[in-house]
Structure formats: C-alpha cells, structure tokens
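Here's the structure we're looking at; comments come further down.
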Amino acid sequence: MREQLPALVTLLAVLLMFGTAFAVGRARGRYGIAAPATAGHPAFERAFRVQMNTLESVALFLPTLWLAAHYGFGYWAGIAGLVWLAGRSWYALAYLREAARRGGGFALGMLGWAATLVMAATGVIRALLAG
Amino acid sequence: MREQLPALVTLLAVLLMFGTAFAVGRARGRYGIAAPATAGHPAFERAFRVQMNTLESVALFLPTLWLAAHYGFGYWAGIAGLVWLAGRSWYALAYLREAARRGGGFALGMLGWAATLVMAATGVIRALLAG
Amino acid sequence: MREQLPALVTLLAVLLMFGTAFAVGRARGRYGIAAPATAGHPAFERAFRVQMNTLESVALFLPTLWLAAHYGFGYWAGIAGLVWLAGRSWYALAYLREAARRGGGFALGMLGWAATLVMAATGVIRALLAG
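Pasting the structure below:
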C-alpha cells in the first residue's frame with residue numbers, strides 16, 4: 001500500500017476536480033451564464049469558486065502527497081489523503097449550497113494536507129541531511 | 001516508448017499552457033486591460049477563460065496520464081495524450097475567436113482525457129486488488 | 001542532489017502557493033470581500049491575481065522541473081528552480097504592493113523556468129531519439 005493508496009487518492013482527487021467542473025457547466029446552463037462570463041448569479045459564482053478553490057487545493061496537495069510517498073510515507077500519506085478528500089468533498093457540497101457553510105470541510109481538508117506537508121518536509125530534510 | 005511519449009506529451013502540455021498565458025498577456029496590451037483586472041473586453045475575457053480552462057484541463061490530465069503510464073499503459077496513454085493535445089489546441093484556437101466554437105475541441109480533449117482516466121483507474125484498481 | 005534539490009524546490013513552491021492563498025484570505029477579511037466575490041478592492045484583487053498567477057506559474061514549472069530531473073538534470077534543474085523561486089517570491093511581494101512592480105520578479109521567474117524547460121526538452125528529445 002506504499003504507493004497504491006496515494007495512487008487511489010490521486011485518482012479520486014481528479015474525479016473531485018471533474019465533479020466541481022461539471023457543477024460549473026451545469027450552473028452555466030441552469031442560470032444562463034454564457035461563456036466566457038464567470039459571474040451573473042450567486043449560485044453560479046459559488047460553483048465557480050468551488051471549482052477554482054478545489055484546483056488550488058489539489059495544486060497544494062498532490063506534490064506533498066507524492067513527496068511524502070516517495071520518502072517512505074506512502075501509507076500514512078494515503079490515509080491523510082483520504083482525510084483531505086473527505087474534507088474537500090464536504091467543502092464542495094456545503095459551499096455549493098451556501099458560502100458560509102464552507103468552513104468545516106475547508107478545515108478538515110487543511111488538516112489532511114498539513115499531515116502530508118509534514119511528512120513531505122520530514123522526508124526532504126532527512127534526504128538533504130543524508131546528502 | 002513507455003514513458004518517452006507521456007514525457008513528450010507533458011512537455012507539449014506545458015507549451016500549450018504557456019501559449020494560452022502568452023495570448024492573455026498579448027490581449028492585455030492590445031485591449032488596454034491593466035493588471036490586476038481580468039475583464040473589460042470580450043476578446044480579452046475569452047483569452048483569459050482559455051488560459052484558465054486549459055490549466056483546469058491540464059490538472060485533470062497530467063495525473064491520469066502518469067498514473068496510466070506508471071501502471072504499464074505508457075504507450076497508449078501517450079497516444080491518448082496526443083488526442084487530448086489536439087483537442088485542447090483546437091479548443092484554444094477556436095475559443096479565442098468565438099466562444100460558441102469551443103465545443104468540438106472540448107469534446108475531443110475530453111475523449112483523450114477519458115481514455116487516460118480509464119487506463120489509470122484500471123491500473124490503480126488492479127494494483128489495489130493485487131495488494 | 002540529483003532529486004533532493006528538485007524535491008526541496010517542490011516543497012518550497014507549495015509553501016509559496018500556500019503563502020499567496022493565505023494573503024488572499026487575509027485580504028478577504030481586511031477589505032470585507034465575502035466569498036464567493038473575487039473583486040471589490042484593488043488590494044484584494046492584486047492578492048487574488050498573485051495567487052492565481054502563482055498557481056499558473058507552478059503548473060508550468062513543476063512538470064519541466066521533474067522532467068529535467070528525470071532525464072539526469074536534477075542538480076541544475078534544482079538550481080534553476082531556486083532562481084524560479086526567488087523570482088516568483090519577488091513577484092508576489094512586489095505585486096501585492098503595486099501591480100506595476102511585478103515585472104522584475106516575473107522576468108527572473110521566467111528565466112528559471114526557461115532553464116528547466118530547455119533541460120526537459122533536451123532530455124525528452126534525447127530519449128525519443130534513443131528509442
């Protein structure tokens with residue numbers, strides 16, 4: 001499970017991004033927001049921010065997940081990744097309904113990410129010290 | 001060609017992102033949209049959406065491309081990647097002219113991406129089952 | 001140092017992204033821009049553009065950094081990555097104060113990125129020719 005779990009988490013992170021992009025496309029149709037506009041209805045704007053914030057979060061997460069996995073923390077980084085996924089899914093579903101509800105999922109996602117960050121930093125620093 | 005083709009496709013994906021960023025910079029100058037504004041002229045807004053949508057697409061594509069390559073589908077994932085590149089280049093060039101023309105390239109890009117997704121999922125699930 | 005330096009640079013790139021996201025969150029509070037809005041005060045809009053442009057830059061940079069490292073340029077790609085980091089940090093700090101000051105850091109970041117691009121392209125083409 002040293003790399004299978006990070007691989008599974010990566011696949012699910014991609015599907016989460018796809019889901020948030022799909023929600024934007026659906027909101028474009030439902031609220032009549034023709035591209036290239038990215039504003040015009042609060043529900044569309046929430047969907048758009050969910051997509052962008054998910055992308056930003058994935059950009060923080062995948063590098064630390066794989067650095068951690070590379071330096072021997074694959075299993076625990078994968079577990080932290082499942083926490084991150086739970087948090088980011090909760091964030092997306094809650095934010096789509098109401099912006100004020102996004103705090104809990106955001107915090108849980110940050111917790112999972114922070115765990116992969118600590119593992120990645122530990123691995124990188126250890127490798128640098130070992131020369 | 002197990003990894004050379006995915007590597008080439010990755011390099012070309014980076015150049016595609018660079019090209020779409022370059023088009024935004026040029027549109028800033030041409031239509032007098034000073035940073036940090038991201039609106040003000042339809043052609044600029046199209047260029048900006050092309051850049052962002054290309055970035056979103058790359059974030060979906062590179063992880064599935066490399067998961068597929070890692071699990072033994074390097075050659076076919078690379079071929080799917082060339083399809084994705086063709087679709088995304090078509091999308092960018094068409095959308096820069098007119099938002100309504102973006103459908104064909106978008107669909108072709110999705111097709112290439114979906115192929116890498118299926119290969120990645122096959123590889124990940126097979127590896128999980130093998131323990 | 002063939003992969004430790006690229007790994008360190010990747011970790012620092014993630015922290016740079018986190019820093020720019022943190023600046024957006026702080027600007028939301030300071031200028032009273034409630035999510036999902038991404039406009040309303042020039043300083044907030046600069047912070048938001050810094051975050052997005054940093055993300056775009058990371059998406060161009062990490063793939064070329066790791067392609068270069070994979071094809072034997074790990075050390076020099078890591079050095080180029082430190083240049084990129086210096087440029088992008090300068091860019092972020094300067095742009096947060098005033099949009100017109102972002103040129104120097106942007107140029108330095110591009111220089112570091114271009115170096116990783118040349119190494120990545122050299123490695124990919126060499127590997128393709130070797131079959």
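Residue numbers (the UniProt record's numbering), protein chains in the order written: chain A, 1 to 131; chain B, 1 to 131; chain C, 1 to 131.
Every residue, glycine too, gets a C-beta built ideally from N, C-alpha and C.
- Inter-residue distance for R101 of chain B and F22 of chain A is about 19 Å (C-alpha atoms, whole angstroms).
- When only Cα atoms are considered, L5 of chain B and H41 of chain C end up about 46 Å apart.
- Counting along the chain, T20 of chain B sits inside the alpha helix (DSSP H) bounded by residues Q4 to Y31.
- If you draw a 10 Å sphere on the C-beta of G109 of chain C, you find 16 or more other C-beta atoms in it, and that means buried.
- Burial state of R126 of chain B is exposed, judged by a 10 Å Cβ sphere holding fewer than 16 other Cβ atoms.
- Against chain C, the beta carbon of T64 of chain A has neighbours under 9 Å at T10, L11 and V14, listed in chain order.
- Here the alpha carbon of A80 of chain B sits roughly 46 Å from the alpha carbon of G32 of chain C.
- Judged by beta-carbon spacing, T38 of chain A lies beyond the 8 Å limit of W113 of chain A, meaning their Cβ atoms are not closer than that value.
- Distance from the CA of Y91 of chain C to the CA of W84 of chain C, rounded to the nearest whole angstrom, comes to 10 Å.
- Chain-ordered listing is empty here: chain B has no CB closer than 9 Å to the CB of E3 of chain C, the nearest sitting near 16 Å.
- Close to L60 of chain C, with beta-carbon spacing below 8 Å, are these residues of chain B in chain order: V14, M17, F18 and A21.
- R46 of chain A reaches chain C at P36, counting residues in chain order whose Cβ is nearer than 7 Å.
- Sequence-distant partners of L117 of chain A (beyond 5 residues in either direction) whose C-beta falls short of 7 Å from its own C-beta, in its chain, are T64.
- Using a CB distance cut-off of 8 Å, A7 of chain C counts as an interface residue toward chain A.
- Secondary structure note for T122 of chain B: its alpha helix (DSSP H) is the uninterrupted segment G103 to L129.
- Apart from sequence neighbours up to five positions away, the residues of its chain that approach F44 of chain C with a beta-carbon distance below 6 Å are A27, Y31 and I33, ordered along the chain.
- For the region 94–121 of chain B, the set of positions with a beta-carbon nearer than 7 Å to some beta-carbon of chain C is empty.
- For A68 of chain C, the CB contacts under 7 Å within the same chain, skipping 5 residues up- and downstream, are A77, T116, M119, A120 and G123 in chain order.
- The beta-carbon of V124 of chain B is placed less than 8 Å from the nearest beta-carbon of chain A.
- A buried status is given to A59 of chain A, since no fewer than 16 other beta-carbon atoms sit within 10 Å of its beta-carbon.
- Around A86 of chain B, no beta-carbon contact reaches into chain A at under 7 Å, the shortest distance being about 20 Å.
- Judged by beta-carbon spacing, Y75 of chain C lies within the 8 Å limit of R2 of chain C, meaning their Cβ atoms are closer than that value.
- CA-to-CA, the gap between T54 of chain C and G104 of chain A works out to about 26 Å.
- The beta carbon of M17 of chain A lies closer than 7 Å to those of T54, L55 and V58 in the same chain, with the five residues before and after it left out.
- Annotation: Cβ neighbours of A127 of chain A in chain C (cutoff 9 Å, chain order): E3, Q4, A7 and L8.
- Proximity of R49 of chain B to chain A, defined by a Cβ-Cβ separation below 8 Å, is satisfied.
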